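First up is the structure itself, then whatever we jot down about it.
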Amino acid sequence: MLSRSVLAALAALPFLSVPAHAQAELAGQVDLLEMHVGKGDDHFLFDSTFTLSGERHGVALKLEGGSDVGAHIDEVTAQMLYRYSPSGNTNILLGARNDFRSGSDLSHATLGVEVQLTSAISGEHYLWLSEDGDITGAAMVVGTLSLGEELWLEPRVAVGWSARAIPAEDVGAGIGELELSARLRRQIGPLFNVYGGIIDERLVGDTRDIARTQGDNGHVTRAVIGLGLNF
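Sequential numbering from 1204 applies to the sequence shown in this note's numbering.
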């Protein structure tokens, strides 16, 4: 079992790893702040990243969360990560994640890779080892297709997986989640963008079978409306 003392040490790693003499740049991005509207309960979601980084080394704080019932938050995932950039197109991230939720929180060690595949396509994959010894992961590919000076189309494909079944989390072994979405964004001034689109979320494999035993078909398609922020 991964002890909380190890997780605490991983969380402190970013602050010990950034060279004191490096010139650091602070940046923040609220990539997603959106409502999913359609069949069933509306869904609120946010995804944000704050970085302090130099040429090769840096730290990142990632915050994301949301709710399946209206515009309030019932779960937040926080990750504190050391970020190393071996090249201008690749980031390697190491640190800790904590899920703040109703009931008991859950901590993980994190290993991630972010890659700019082309000027218009980026990808990432994160691997998590929980305090209970469970290994899970998530991968995503994002496109950025310019339709004008202040307008762009952003398709996304994301998958989530687990190395083994996790009954306490209603998760089966293998690929369990698949998400396809497209957002049309328009820049409003130097800091904000607004967008609309569509998202299709479905459970697959053993995770879908678990959901179906609980009366959930594990598939929903909704409209998306939201805004983004960069500073």
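Heads up, the beta-carbon is just placed ideally off N, CA and C, and yes, glycines get one too.
As the structure is a prediction and not an experimental result, all values here were calculated from the model.
- Residue environment: R1300 is assigned as buried (16 or more neighbouring CB atoms within 10 Å of its CB, all protein chains considered).
- Under DSSP, L1348 shares a beta bridge with L1356.
- Residue pairing for I1413: DSSP places it in no beta bridge.
- Counting only residues of its own chain and dropping the five nearest sequence neighbours on each side, Q1390 has a CB closer than 6 Å to the CB of E1353 and N1396.
- Within 10 angstroms of the beta-carbon of I1428 lie fewer than 16 other beta-carbons, which makes it exposed.
- For S1290 and D1412, the gap between their C-alpha atoms comes out near 42 Å.
- Contact annotation, V1240 with A1426: C-beta distance approximately 5 Å; criterion of less than 8 Å satisfied.
- An exposed status is given to D1335, since fewer than 16 other beta-carbon atoms sit within 10 Å of its beta-carbon.
- Secondary structure note for A1426: its beta strand (DSSP E) is the uninterrupted segment H1422 to N1433.
- By the beta-carbon neighbour count (other beta carbons within 10 angstroms, threshold 16), D1337 is buried.
- Taking all protein chains in view, the Cβ of F1247 is crowded by 16 or more other Cβ atoms within 10 Å, so the residue is classified as buried.
- The shortest CA-to-CA distance from L1236 to any of D1244, Q1319, G1408 and D1250 is the one to D1250.
- Here F1253 has G1231 and L1264 as same chain residues with Cβ atoms under 6 Å from its own Cβ, once five neighbours each way along the sequence are excluded.
- Counting along the chain, the unbroken beta strand (DSSP E) around E1404 starts and ends at F1395 to L1406.
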